[in-house]
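To start, the structure under review is shown below, and the notes come after it.
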Amino acid sequence: MSSLTVLHASQIVTLSGPKRSRVGPEMSELGIVRDGGMLIRNGMIESVGASDEIEKNFGDANIIDAGERVVMPGFVDAHTHLVFAGNRLGDFERRARGETYEQIAKAGGGIWSTVEKTRAASEADLLTQAKKHANWFLCCGTTTVEAKSGYGLNVEDELKILRVVRQLNEEVPLEIVPTFLGAHAVPREISPGDYVELVIQEMLPRVAAEKLAEFCDVFCERGYFDIDRSRKILFAAKNIGLKLRGHVDQLTNSGGAKLMAELGATTADHLEQADEQGIAALKKANVQAVLLPGSVYALGARWYPRAREMIDTGHSVVLATDFNPGSSPTPSMPMILSLACTQMKMSPAEAITASTINAAYSLNRGNKIGSLEPGKLANFAMFDLEDYRELAYWFGVPQTHSVYIEGECV
Ligand code: NIG
Ligand code: FE
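Right under this line is the structure:
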């Protein structure tokens with residue numbers, strides 16, 4: 285099979301380091317090689333180092349001159365709602381007039397309005413829209429995304445979304461990791477208690493039997509799923525072999541972070557309102573914190589999660605877009621890096637670690653992706669920049685030069 289040599293990157297940001305997610309000061313260590321090169325065989329990285337060393341061994345490999353650009357692992361986006369129908373332009377305008385996420389949801393917008401459109405859409409229509417979104421991610425330098433269901437809220441439509449995720453994964457180069465989020469909201473036609481039973485008795489067994497998801501998520505929030513109902517669903521999911529993620533302490537502090545710690549979840553996501561005990565519980569239980577500044581920004585809120593405090597106390601922090609039509613309509617990880625640095629006081633290096641190697645571990649793929657090291661997949665992006673810090677610094681500027689997945693330019 286094919287070989288490829290990348291030469292003369294101004295910086296190859298390798299993220300080489302311990303074979304686990306990075307914490308505290310480790311998040312600042314990017315393993316940068318100046319005038320770097322990389323040898324790729326059969327879609328895998330064989331060696332990474334100085335261009336002149338790599339050049340000696342390239343043999344018959346095709347050469348790509350990186351032209352003094354930055355080469356980095358493709359971004360790994362560990363929290364998205366990739367498959368949905370339509371948009372929420374009405375919500376967007378209402379928010380601009382000063383209404384809150386909760387007020388808009390009560391007035392007929394919010395998650396429910398996307399559920400109605402998604403239920404009405406065919407699998408083929410959803411796939412067409414999802415392909416457009418998948419292409420946006422690639423254009424921003426992202427090579428793997430997690431994708432949640434959650435806009436179906438009945439057995440058939442939740443399964444429909446997860447089948448679209450599966451189909452999408454087969455048809456586009458972007459790698460997609462599926463998560464079941466049946467507990468995203470309580471649908472209008474059924475009581476909360478009955479819906480929890482439906483999720484546990486009917487949805488979860490089908491999701492597991494058809495192997496449609498690796499993770500289970502819930503929206504643990506006032507007006508959505510309280511702590512007891514969230515616990516019940518996640519506990520059942522864990523028992524059938526799914527790993528756990530959770531939307532917790534986003535709009536109010538309901539003790540969701542503590543619940544994720546108690547259940548040994550893989551990640552606790554959002555955490556804008558989490559308190560000190562909640563944050564400490566996550567660290568103790570080794571639950572990764574997935575921070576989503578795009579949703580704070582797009583909701584016009586002020587309170588960003590306390591990333592600085594988390595990193596300084598040794599948490600493994602992940603950054604993700606939360607791409608969805610309501611609270612975070614962006615697929616752009618560079619935009620998230622900008623927000624992380626300007627609003628959450630993370631350094632550019634910490635933000636890159638959080639959106640590559642740490643994100644890869646949060647998706648159970650730390651051994652395959654997230655860094656440019658021998659033995660890993662050649663999933664990387666080249667940016668029209670000389671210095672990696674420019675990624676977070678120039679905002680709103682297209683910076684992607686090219687993107688490779690398993691050594692193929694996509
Ligand atoms: O992560 N918080 C719940 N879910 C999404 C929003 C989904 C929507 O508004 O459609 C989030 O912010
Ligand atoms: Fe979300």
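Residues 285 to 694, numbered by this note's numbering, are exactly what the sequence shown covers, in order. Even for Gly, the Cβ is constructed at its ideal location relative to N, Cα and C.
Looking from the CA of Thr-597, the closest CA among Ser-331, Ala-362 and Lys-567 belongs to Lys-567. With respect to the 8 Å criterion, Leu-528 and Thr-550 are classified as neighbours on the basis of their beta carbons.
Burial check for Ala-380: the Cβ neighbour count within 10 Å stays below 16, so the residue is exposed.
Checking the 7 Å criterion, the Cβ of Phe-509 is out of range of every heavy atom belonging to the ligand NIG.
Taken in chain order, the complete alpha helix (DSSP H) segments of 4 or more residues contained in the segment 462-540 are 476-482, 488-493 and 511-523. Going by DSSP, Pro-577 is part of the alpha helix (DSSP H) stretching over 577-582. If you compare the alpha carbons of Gln-387, Met-544 and Asp-344 with that of Cys-500, the shortest gap goes to Met-544.
By the neighbour-count definition (other C-beta atoms within 10 Å, threshold 16), Glu-454 is an exposed residue. With fewer than 16 neighbouring CB atoms inside 10 Å of its own CB, Ala-391 falls in the exposed class. Relative to the ligand NIG, Phe-503 has its C-beta within less than 7 Å of a heavy atom.
Beta-bridge annotation (DSSP): Ile-689 is paired with Glu-692. Taking C-alpha positions only, Asp-510 is separated from Ser-538 by approximately 8 Å. In the DSSP assignment, Val-360 falls within the unbroken beta strand (DSSP E) covering 359-361.
Taking a contact to require three or more Cβ pairs closer than 8 Å, the segment 611-631 and the segment 645-661 do not qualify as touching. Within the segment 393-475, the complete beta strand (DSSP E) runs of at least 3 residues fall at 426-432 and 459-467. Contact between the segment 629-643 and the segment 478-493 is absent: fewer than 3 CB-CB pairs across the two stretches fall below 8 Å.
Taking the C-beta atoms as reference points, Val-574 is found nearer than 8 Å to Ala-362. For His-365, the CB falls within less than 7 Å of some heavy atom of the ligand NIG. The Cβ atoms of Gly-320 and Ala-293 sit closer than 8 Å to each other.
Two segments are said to touch when three or more pairs of C-beta atoms, one from each, lie closer than 8 Å; by this definition the segment 444-452 touches the segment 425-436. Under a 10 Å Cβ-count criterion, Glu-670 is classified as exposed, with fewer than 16 other Cβ atoms of the shown protein chains found around its own Cβ. Residue environment for Leu-373: exposed (fewer than 16 other C-beta atoms within 10 angstroms of its C-beta).
Between the ligand FE and His-685, a heavy atom-to-CB distance of less than 7 Å is absent. Between the segment 347-367 and the segment 599-613, the count of C-beta pairs closer than 8 Å reaches three or more; the two stretches touch. Ser-616 is the residue among Tyr-508, Asn-648 and Ser-616 whose C-alpha sits nearest the C-alpha of Ala-676. The Cβ-Cβ distance between Lys-629 and Arg-673 does not fall below 8 Å. The three-state secondary structure of Phe-376, taken from DSSP, is helix. In the DSSP annotation of this structure, Glu-670 is not part of any alpha helix (DSSP H), being labelled neither H nor E. For the segment 594-644, the continuous alpha helix (DSSP H) assignments of 4+ residues that do not extend past its boundaries occur at 617-627 and 632-638, in sequence order. Around the C-beta of Ile-329, 16 or more other C-beta atoms lie within 10 Å, and the residue is accordingly described as buried.
Counting only the Cα atoms, Asp-344 lies some 47 Å from Ala-369.
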